[in-house]
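Colleague:
Residue numbers (our numbering), protein chains in the order written: chain A, -7 to 326; chain B, 2 to 302.
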């Protein structure tokens, strides 16, 4: 396991390096003078020159790249052009909002997806199986930004059950400690606010969780079907073990191996989907942060936002791979 | 297995090349695909939208950008089946023209990814060593970004337009096809008939294009139809974020973005373009699933 972990970590180095290179080139790939593009056509020569200097664009490119890596190693993500604040300080509230939303979305996706998959497999070709798999097919094909809008219309506008935007009640805002509002409200013992935060999480959580839910349901079903046909399950049944026991104790553990991979992969993809969900639900997460930065041509924020999400994505994939190897010892020897 | 046996020509000694009936694997796959009702349903959806796209000029009841401010935000009626938008434009008409854009983006961007991905994959798989090392690392790096984020990054550089969105989507799909072809090349390379081809002095190029590539067609086609589905959603997502098609292009994602402020007053302006995206994507996904079952029996469950 240790050698596998080390080997896996070593393969990360070129990937991280390449990622930084791509993110670094973002600003240099802008046609023309980046500083001029950022400031717009009316900018004075002096302003353009000053910004070029601030961004270090006046130095030779390889020096700039080395400086950029040094800067990143110090945990410095640069400065936002719009707010002038250091991004590494500014980014956490946004990141926390995205993390909270993603965790809730993933919990919804896993709980419903895995169980729907198990029931579908167990009652294969039943009406439940057909409806669940039809819904899963539609779910996989769902443009989540549209789903989000339809959710808003149905549950917030038509029935007025849930709030449409934001993370908390604007008239009674949550006092941030960690910026993970579910945790903050509990720490402060504000259960009324906790409920309010949950209400705000439901619609975006379901929108963001739909695609992973559908994919998890399909994978769980096919994986369960495969395991249930295997010899050792037949033996377990022949020994007289009850159905429930066979499903949850014997089949599930083996059937979950591919499911875990998919869950990990989907958690990473969720971060990409967050940008769409967040813009619809006015969720002040990192997706909104990047989206606003794009509107304002705030390139340092775009760069750092993308780098942070991509790093988390890579990290999640690493954890999934290691988990996978831990569950299935055969992987290590490949 | 039983039906396969009946289709195989009897291998009696009197069979001559002239009367021997060869069933190609493609025909075999089509027979399997035809029996898959869900896949056929998907094919139906896609054909429907392709027909809409081709005959948009004659089907569409109104002019694509015909504004009539007096008819702003009319609810669906017999005159305007899908209602009208904030400029009084007929939504049905725009949804029909939108099919052209989405299908075009889907087909062109995925074709681009297949061509570039195949070339890189073949080179990496066939020549191996350091070339493989470099190309595979590039694929790893591109796959290290959530795809929509990479597309956003590319568009942030190139500037927002439908064409740039298409390029971005093509780029993000390259590693998928590249890896696929690479692994096919690696396994085909070990086959005996390749050794034989090399022994009789066939050139690398000829081996690659006459043996390796045709043997990789099946997974490319499966992956291709699934990739078109993703490409259409991603193009719509970029359009929705204002990074793809620009006004007044009737791109479905852009239509959603333009109408999202009218959710309370005119929900039909948002319902139909999104439904069109969902159905088209569903169609390609169903075809992809069906093709996988038909072309790659190992994946069947």
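No residue lacks a Cβ here, since even glycine has one placed at the ideal position from N, Cα and C.
How is residue 135/A classed by DSSP in three states: helix, strand or coil?
Modeller: The count along the first chain starts at 1 and reaches residue 135/A at position 143. Here residue 135/A sits in coil by DSSP.
Colleague: How long is the line joining the alpha carbons of residue 151/A and residue 266/B, rounded to whole angstroms?
Modeller: Position 159 of the first chain, counting from 1, holds the residue named residue 151/A. Position 265 of the second chain, counting from 1, holds the residue named residue 266/B. Their backbone Cα atoms lie some 15 Å apart in a straight line.
Colleague: Could you check whether the segment 241 to 254 of chain B touches the segment 93 to 105 of chain B, counting it as contact only if at least three pairs of C-beta atoms, one from each stretch, sit closer than 8 Å?
Modeller: Verdict: yes, contact present.
Colleague: Would a check of beta-carbon distances place residue 205/A closer than 9 Å to chain B?
Modeller: Locating residue 205/A in the first chain gives position 213, where the first residue counts as 1. No, no contact with chain B.
Colleague: Going by DSSP, what residues sit across from residue 78/A in a beta bridge?
Modeller: Taking the first chain and counting its residues from 1, one reaches residue 78/A at position 86. Answer is 71/A.
Colleague: Verify the CB distance criterion: does residue 37/B have a CB-CB separation below 9 Å to chain A?
Modeller: One-based indexing of the second chain puts residue 37/B at position 36. Chain A, which has no Cβ nearer than 9 Å to the Cβ of residue 37/B, makes this no.
Colleague: Chain A partners of residue 59/B, CB-CB under 7 Å?
Modeller: Your numbering for residue 59/B matches position 58 in the second chain. The premise fails here: residue 59/B is roughly 28 Å from chain A at the closest Cβ pair, so nothing lies under 7 Å.
Colleague: Report the residue from 170/B, 69/B, 59/B whose alpha carbon sits nearest the alpha carbon of residue 144/B.
Modeller: For the purposes of this step, residue 144/B is identified with residue 143 of the second chain, where counting begins at 1. When only C-alpha atoms are compared, the closest one is 170/B.
Colleague: Compare the C-beta of residue 309/A with all C-beta atoms of chain B and state if any pair is closer than 9 Å.
Modeller: As a working mapping, residue 309/A is identified with position 317 in the first chain. Yes, because at least one Cβ of chain B sits closer than 9 Å to the Cβ of residue 309/A.
Colleague: Can you give me the Cβ contacts of residue 291/B inside the same chain, cut-off strictly under 8 Å, excluding the 5 residues immediately before and after it?
Modeller: Taking the first residue of the second chain as 1, we reach residue 291/B at position 290. Excluding positions up to five away in sequence, the list reads 34, 37, 39, 40, 41, 43, 44.
Colleague: Tell me which same chain residues have a C-beta within less than 6 Å of the C-beta of residue 110/B, skipping the five on either side of it?
Modeller: Position 109 of the second chain, counted from the first residue, corresponds to residue 110/B. These residues qualify, in order along the chain: 167, 170, 171, 232.
Colleague: Going by DSSP, what residue range makes up the alpha helix (DSSP H) through residue 131/B?
Modeller: Against the second chain, residue 131/B aligns to sequence position 130. Segment 130 to 144, the alpha helix (DSSP H) holding residue 131/B.
Colleague: Tell me the DSSP secondary structure of residue 91/B in three-state form.
Modeller: Taking the first residue of the second chain as 1, we reach residue 91/B at position 90. It is a strand residue.
Colleague: State the Cα-Cα distance for the pair residue 213/A and residue 109/A, rounded to the nearest angstrom.
Modeller: As a first step, residue 213/A must be located in the first chain, where it is residue number 221. As a first step, residue 109/A must be located in the first chain, where it is residue number 117. Answer to the nearest angstrom: the Cα atoms are 4 Å apart.
Colleague: When burial is assigned at 16 or more other CB atoms within 10 Å of the CB, is residue 116/B buried or exposed?
Modeller: Counted from its first residue, the second chain places residue 116/B at position 115. Answer is exposed; the Cβ neighbour count stays below 16.
Colleague: Tell me whether the beta-carbon of residue 12/A lies closer than 9 Å to the beta-carbon of residue 299/A.
Modeller: In the first chain, counting from the first residue as 1, residue 12/A sits at position 20. In the first chain, counting from the first residue as 1, residue 299/A sits at position 307. Contact: yes.
Colleague: Span of the alpha helix (DSSP H) holding residue 46/B?
Modeller: What you label residue 46/B is simply residue 45 of the second chain in a count that begins at 1. 38 to 55 is the extent of the alpha helix (DSSP H) around residue 46/B.
Colleague: With distances taken between CB atoms, is the gap from residue 219/A to residue 225/A smaller than 9 Å?
Modeller: Here residue 219/A is taken as the residue at index 227 of the first chain, counted from 1. Here residue 225/A is taken as the residue at index 233 of the first chain, counted from 1. Result yes, Cβ atoms of residue 219/A and residue 225/A sit closer than 9 Å.
Colleague: CA-CA distance, residue 35/A and residue 41/A?
Modeller: Position 43 of the first chain, counting from 1, holds the residue named residue 35/A. Position 49 of the first chain, counting from 1, holds the residue named residue 41/A. Taking the straight line joining both Cα atoms gives about 10 Å.
Colleague: Note down the Cα distance separating residue 180/B from residue 122/B, rounded to an integer number of angstroms.
Modeller: Against the second chain, residue 180/B aligns to sequence position 179. Against the second chain, residue 122/B aligns to sequence position 121. In a straight line, the C-alpha of residue 180/B is about 6 Å away from that of residue 122/B.
Colleague: Shorter than 9 Å from the beta carbon of residue 213/B to some beta carbon of chain A?
Modeller: By one-based count along the second chain, residue 213/B stands at place 212. Taking Cβ atoms only, chain A never reaches closer than 9 Å to residue 213/B, which makes this a no.
Colleague: Taking contact to mean at least 3 C-beta pairs separated by less than 8 Å, is the segment 265 to 284 of chain A in contact with the segment 189 to 202 of chain A?
Modeller: Judged by Cβ distances under 8 Å, the segment 265 to 284 of chain A makes contact with the segment 189 to 202 of chain A, as three or more pairs qualify.
Colleague: Using beta carbons (cut-off 9 Å, strictly below), is residue 148/B in contact with chain A?
Modeller: For the purposes of this step, residue 148/B is identified with residue 147 of the second chain, where counting begins at 1. By this cut-off, residue 148/B is an interface position.
Colleague: Please state whether DSSP places residue 33/B in a helix, a strand or coil.
Modeller: In the second chain, the residue the question calls residue 33/B occupies position 32. Helix at residue 33/B.
Colleague: For residue 85/B, which of helix, strand or coil comes out of DSSP?
Modeller: For this step, residue 85/B is matched to residue 84 along the second chain. Here residue 85/B sits in strand by DSSP.
Colleague: Taking all protein chains shown into account, decide if residue 134/A is buried (16 or more other Cβ within 10 angstroms of its Cβ) or exposed.
Modeller: Taking the first residue of the first chain as 1, we reach residue 134/A at position 142. Residue 134/A should be labelled buried.
Colleague: According to the Cβ coordinates, are residue 86/A and residue 303/A closer than 9 Å?
Modeller: Stepping through the first chain from its first residue, residue 86/A is reached at position 94. Stepping through the first chain from its first residue, residue 303/A is reached at position 311. No, Cβ-Cβ distance for residue 86/A and residue 303/A is not below 9 Å.
Colleague: With a cut-off of 8 Å, do at least 3 Cβ pairs link the segment 199 to 209 of chain B to the segment 98 to 108 of chain A?
Modeller: No: fewer than three Cβ pairs fall under 8 Å.
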